[in-house]
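Student: In my numbering, the protein residues as written are 271 to 413. Take this structure first; my questions come after.
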Amino acid sequence: MKKSSEEILSSLASQGFRMTRLRKAIIGVFTGNGLPMSAEELMDILRAGNTAFNRTTVYREIGFLKARGVINEIQFLHERVKRYELASLEHHHHLVCLRCKRVEDIVLENDLADQERSILDSKGFHVTNHMLEFHGICRGCNR
Ligand SMILES: [Zn+2]
Ligand SMILES: [Zn+2]
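Right, dumping it as structure tokens:
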């Protein structure tokens with residue numbers, strides 16, 4: 271289940287981590303915006319919200335939140351930059367538009383449960399996770 275800003279903050283506080291203004295702001299951005307964000311996009315949003323920061327601290331915060339399991343890092347195939355999204359989002363995949371680079375979340379009905387079952391049957395391999403991203407042309411670009 272998607273965690274709220276308050277849940278994440280109180281969980282970090284209970285583990286004894288200091289709650290800086292920047293850390294709160296970054297967690298607020300991640301819980302408010304569901305789509306995978308690059309560090310640059312995160313900084314654009316912080317700037318727009320008049321949050322003061324320096325780049326090094328933002329990168330350090332991203333590393334911290336990643337290490338605490340608050341956010342996941344995503345590396346899309348066609349991109350150099352890394353993106354980040356809340357780790358507590360429902361299991362989903364991404365639709366990546368090759369033209370405008372827009373990313374959309376997609377929750378697949380039944381996901382890959384059948385395929386994973388047949389992998390177990392045929393290979394004796396127990397799948398615990400999978401990665402899958404869809405590339406193509408989005409509705410806006412397809413007009
Ligand atoms: Zn597009
Ligand atoms: Zn899946």
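From the three backbone atoms N, C-alpha and C, an ideal C-beta is built for every residue, glycine too.
Using the Cα positions of glycine 319 and alanine 337, report the straight-line distance between them to the nearest angstrom.
Tutor: Near 25 Å, if we compare the C-alpha coordinates of alanine 337 and glycine 319.
Student: Which residue wins for smallest C-alpha separation from arginine 387, given the options Asn399, Leu368, Ile376?
Tutor: Per the Cα distances, Asn399.
Student: Starting from the C-beta of histidine 405, find all residues in its chain whose C-beta is less than 6 Å away, skip the five residues before and the five after it, and write them out in chain order.
Tutor: Excluding positions up to five away in sequence, the list reads Val366, Leu368.
Student: Just the Cα atoms here: how many angstroms apart are histidine 348 and lysine 371?
Tutor: Cα to Cα, the separation comes out at about 9 Å.
Student: Using only the heavy atoms of ligand 1, determine whether one of them is closer than 7 Å to the beta carbon of isoleucine 407.
Tutor: Answer for isoleucine 407: yes, Cβ within range of ligand 1.
Student: Among all the DSSP beta bridges, which residues are the ones paired with aspartate 375?
Tutor: Bridge partners of aspartate 375: His364.
Student: Identify whether arginine 353 lies in helix, strand or coil by the three-state DSSP scheme.
Tutor: Residue state, collapsed to three classes: strand.
Student: Are three or more beta carbon pairs between the stretch 273-282 and the stretch 292-307 nearer than 8 Å?
Tutor: In short, these stretches touch, since the Cβ pair count reaches three.
Student: My output table needs one value for glycine 406: the three-state DSSP class, helix, strand or coil.
Tutor: Strand, per DSSP.
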